Structure formats: structure tokens, C-alpha cells
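Trainee: Numbering (numbering that gives the first Met the number 0), first residue to last: 0 to 326.
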Amino acid sequence: MFETIHNSKFMIQNSIWPIVVAVLLIGQTAQADQQGGQRQAVYLEMGAGGAANAMGGAAVGMRGDVSCGYWNPAGLIGIRGFQIETQRSFLSMGQELDYLSLAGTFKDEYSLGLSGILYSAGGDLEARQGPSLAPDKLFDDLEMTLFPSVAARLSPRWSFGGSFKLFLENLGSFSGLGFGEDLGIQYRFTNDTTFGFMAQDPYSLISYSNNDNSLFPVTLKAGVAHHDAKLNAKMHFDLEWSNDLGFRPRLGLEWAPAKVIVLRGGCWLGNLTSGAPGGTLTLNPTAGIGLMAFLGDSLVEFDYTLLPDRIVSGGLTHQIAITGKFL
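See below:
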């Protein structure tokens with residue numbers, strides 16, 4: 000979760016402000032669940048996709064959704080035809096977060112996807128030489144992650160996928176460029192039950208214009224997704240681990256009471272283990288609704304998702320997503 004920015008401004012020594020800003024703003028520090036640790040491009044912790052985010056981010060075993068390029072690229076092999084999704088997050092304190100993804104399957108054996116996430120903390124960030132009411136300068140930031148993905152069917156039960164990630168950072172005159180990857184597999188126990196595993200950022204690195212380098216922490220994720228056709232319901236459970244955040248379980252539920260409506264809910268736990276002393280266990284509930292508009296064999300889905308605010312304690316973040324699925 001993002002660190003609170005007091006009055007949306009920064010008190011920064013002029014000689015070192017680019018370095019300090021990079022620590023504070025490039026992704027920004029996660030709040031309670033971060034337990035004192037720091038990550039680059041932590042805006043990626045916001046997740047992607049209306050369905051997956053509404054289900055608490057439990058999506059390692061999910062298949063056939065364009066957002067699998069983010070959660071587990073192996074799941075892209077379940078796509079039929081072509082999908083595209085765009086999502087806007089309404090963040091507090093003038094921040095902006097946008098997501099766009101598209102993917103398609105070829106000859107039922109390969110799937111290709113391309114996704115992008117764009118983040119900005121705003122255009123009125125302040126730098127100062129010392130404590131004063133008037134800033135020495137104003138600057139803005141722009142951060143982006145692009146990740147092309149590919150998935151292949153290894154057998155009727157096994158699929159494999161990978162995403163190559165390109166990180167672009169710009170804070171005033173300070174910039175960063177990085178590369179990384181995600182690797183995932185899925186195994187289908189049955190047509191309705193899938194196990195997934197993903198290594199996120201096994202070696203992801205950003206290099207900055209001051210010649211500093213920052214290595215991402217490796218995150219390991221495993222999960223199971225089950226679909227009950229009789230109840231028109233789905234249940235997802237994930238368990239993820241990283242050195243800085245420890246274990247974080249995620250649970251998601253989905254129920255379609257009618258053909259044109261889907262109700263979703265979920266949660267994830269932060270501060271379960273590891274991290275800095277004094278972190279308290281956090282329960283982070285999520286919820287969402289999806290509305291379907293059918294166009295012959297294709298459909299357009301409108302998703303509204305409600306998440307905990309990552310800056311304001313007790314606040315809420317709203318997300319709107321539109322997904323097109325075309326056969």
C-alpha cells in the first residue's frame with residue numbers, strides 16, 4: 000500500500016532530492032502491509048483487471064481472462080478468440096493509474112498478450128532546500144510498465160507462460176529504465192479445477208540516471224481456482240510469499256445470479272509474517288459487480304470494483320473496467 004504523502008508535498012534537500020524522490024515516489028512505499036519495506040514500481044501492487052481485483056487478487060489459477068498476462072501468463076492459454084480490457088483507478092491525492100491489455104489465441108496452442116500500466120503521483124510535487132512555505136521547484140512524475148506475454152499448451156493439462164517487463168521511470172530530470180520477467184505454469188486437475196504457480200520478478204532490475212541499480216524482490220505465488228457450473232460460482236485461493244512482505248493469503252468468490260450480472264468479493268491478509276517489527280495484521284476486503292452485454296457470440300463486460308485506499312486509512316478506491324471478448 001502507498002505511503003501517506005503529507006499535504007502531497009515533499010521537504011527535500013536540493014543536493015539529494017532526485018535520490019530521495021526516487022525512494023519515495025517510484026511506486027511509493029507500501030503502507031501497513033509493506034511492514035517497513037520498500038519496493039520499486041509498487042503501483043503494480045494495485046493489481047489489474049476488474050474480475051481479479053474484485054476477488055482479492057486471487058488469480059494465479061485463473062484461466063481465459065486477458066488480465067492473466069499480469070497475474071499468471073500461463074492462464075492466457077484459456078482465452079478463446081480475442082480480448083481487450085481497459086481499466087481506470089480513481090486514486091486519492093491526485094494520483095493516476097490506468098491499465099490496458101489485449102490478448103488472443105492462435106491455433107489453440109499459443110496465446111499472445113500485451114499489457115501496460117501507467118502511474119503518476121501528480122504534476123505538483125515540490126522540492127525544497129529546507130523548511131519553507133514556498134517550494135524551490137515543482138516537478139512531475141510518470142511511471143510505466145509494459146509487458147508482452149506468451150503462453151503455450153504443453154499438454155492437455157499443462158500450460159506454461161511468461162511475461163517480459165519493461166519499466167520506465169521519469170521524475171523531473173531523474174529517470175530510470177529497467178527490465179524484468181514473470182514465469183508461470185498451470186495444471187488442470189479437471190475442466191473445473193486449475194492449479195497455478197508463478198515466480199514474479201525472479202530477476203527484475205531498474206537502473207537510474209544516477210548510476211544506482213535497484214533489484215526487485217522475488218515473489219512466489221501458488222493458487223487453485225475452482226468453477227462450480229451448477230451454482231454458477233467460482234472460488235479462488237492463492238498464497239504468495241516474498242522476503243519483504245512474508246506470506247499473504249488471498250481469497251476470492253464469484254457468483255452469477257443471472258446471465259447478465261456477476262457478483263464478486265474477496266480479501267487478502269497483510270502483515271501475516273516477516274517485515275519490520277510492529278506491523279499489525281490487516282484484513283483487506285474487496286468487492287465488485289460485473290454487467291454483461293452480449294453481442295452474438297461476443298460480449299462486453301462492465302466492471303465496478305471497490306478496494307481499500309492505499310493512502311488514506313479507512314478510505315476506498317474505485318475502479319471501472321470495460322472488457323471486450325470476441326470470438
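Heads up, the beta-carbon is just placed ideally off N, CA and C, and yes, glycines get one too.
It should be emphasised that the depicted structure is a prediction, and the values quoted were computed from it without experimental measurement.
Give every residue of the same chain whose Cβ lies closer than 6 Å to the Cβ of glycine 80, excluding the five residues on either side of it in the sequence, and list them in chain order.
Mentor: Excluding residues within five positions, the ones whose Cβ falls inside 6 Å are Phe325 and Leu326.
Trainee: Going by DSSP, what residue range makes up the alpha helix (DSSP H) through glycine 121?
Mentor: That residue, glycine 121, is in no alpha helix (DSSP H); it is neither H nor E in DSSP.
Trainee: Can you list, in chain order, the stretches of the beta strand (DSSP E) that have 3 or more residues and sit fully within the region 133-218?
Mentor: If we require 3 residues or more, the beta strand (DSSP E) runs fully inside the region 133-218 come out as 136-138, 140-152, 157-170, 173-187, 192-199, 204-207 and 212-214.
Trainee: If we count the other Cβ atoms within 10 Å of its Cβ and call it buried at 16 or more, is arginine 249 buried or exposed?
Mentor: Buried is the call here.
Trainee: Quick check: what's the CA-CA separation for leucine 298 versus glycine 323?
Mentor: Each residue's Cα considered, the two are about 6 Å apart.
Trainee: Checking 8 Å against the spacing of the C-beta atoms, do alanine 198 and valine 217 come in under that value?
Mentor: Yes. Within cutoff.
Trainee: Specify the secondary structure class of valine 41 as computed by DSSP and reduced to three states.
Mentor: Helix, per DSSP.
Trainee: Buried or exposed for isoleucine 260, please, with buried defined as at least 16 other CB atoms from any protein chain shown within 10 angstroms of its CB.
Mentor: The residue is exposed, with fewer than 16 neighbouring Cβ atoms inside 10 Å.
Trainee: Thinking C-beta only, is proline 201 closer than 8 Å to alanine 150?
Mentor: Taking 8 Å as the Cβ cut-off, alanine 150 and proline 201 do not qualify as a contacting pair.
Trainee: Within 10 Å of its beta-carbon, does alanine 292 have 16 or more other beta-carbons around it, so buried, or fewer, so exposed?
Mentor: Classification of alanine 292: exposed, given that the 10 Å Cβ count is below 16.
Trainee: Assuming asparagine 242 and tryptophan 267 form a contact by the criterion Cβ under 8 Å, report the distance between their Cβ atoms to the nearest whole angstrom.
Mentor: Not quite, the Cβ-Cβ distance comes to about 18 Å (not below 8 Å), so this is no contact.
Trainee: In chain order, what residues of the same chain lie with their CB nearer than 7 Å to the CB of alanine 57, ignoring the 5 residues before and after it?
Mentor: Gly222, His235, Phe236, Asp237, Arg249, Leu250, Gly251 and Gly265.
Trainee: Whose C-beta lies closer than 8 Å to the C-beta of leucine 280 among residues of the same chain, with five residues either side of it excluded?
Mentor: Answer for leucine 280: Leu268, Gly269, Asn270 and Leu271, listed in chain order.
Trainee: Could you pull out every residue in the same chain whose Cβ sits closer than 6 Å to the Cβ of threonine 192, ignoring the five residues on either side in sequence?
Mentor: These residues qualify, in order along the chain: His225.
Trainee: Smallest Cα separation from methionine 143: which of Ser203, Leu294, Thr285 and Tyr42?
Mentor: It is Tyr42 whose Cα lies nearest to the Cα of methionine 143.
Trainee: For the alpha helix (DSSP H) containing glycine 49, name the first residue and the last one.
Mentor: Glycine 49 -> alpha helix (DSSP H) spans 49-53.
Trainee: Give me the residue from Ser88, Arg263 and Asp227 with the minimum Cα distance to asparagine 190.
Mentor: The residue with the shortest Cα to Cα distance from asparagine 190 is Asp227.
Trainee: Given this structure, state the Cα-to-Cα distance separating isoleucine 116 from tyrosine 109, to the nearest angstrom.
Mentor: Answer to the nearest angstrom: the Cα atoms are 24 Å apart.
Trainee: What is the DSSP secondary structure of histidine 317, counted as helix, strand or coil?
Mentor: It is a strand residue.
Trainee: When you compare the CB positions of valine 65 and glutamine 82, do they come within less than 8 Å of one another, or not?
Mentor: Yes, the Cβ-Cβ distance between valine 65 and glutamine 82 is below 8 Å.
Trainee: So what does DSSP say about proline 72, is it helix, strand or coil?
Mentor: Residue state, collapsed to three classes: helix.
Trainee: Looking at glycine 171 and serine 203, is the spacing between their C-beta atoms short of 8 Å?
Mentor: In this structure, glycine 171 does not lie closer than 8 Å to serine 203 by Cβ.
Trainee: Report the three-state DSSP secondary structure of glycine 93 (helix, strand or coil).
Mentor: Here glycine 93 sits in coil by DSSP.
Trainee: In whole angstroms, give me the CA-to-CA distance for leucine 262 and glutamine 39.
Mentor: Roughly 33 Å separates the two Cα atoms.
Trainee: Is it true that the CB of isoleucine 78 sits closer than 8 Å to the CB of glycine 103?
Mentor: Contact: yes.
Trainee: Per DSSP, alanine 292 forms a beta bridge with which residues?
Mentor: Paired residue(s): Val299.
Trainee: For leucine 132 and leucine 306, what's the separation of their Cα atoms in angstroms?
Mentor: Using only the alpha carbons, I get a separation of about 34 Å.
Trainee: Among the candidates Glu180, Arg156, Phe196 and Asp140, whose CA atom is the shortest distance from the CA of phenylalanine 173?
Mentor: The residue with the shortest Cα to Cα distance from phenylalanine 173 is Asp140.
Trainee: If you drop the 5 nearest sequence neighbours on each side, which residues of the same chain put their C-beta closer than 6 Å to that of serine 14?
Mentor: Bear in mind that the predicted position of serine 14 carries a pLDDT of just 33, short of 50, making it unreliable; the figure below should be weighed with that in mind. Contacts found: none.
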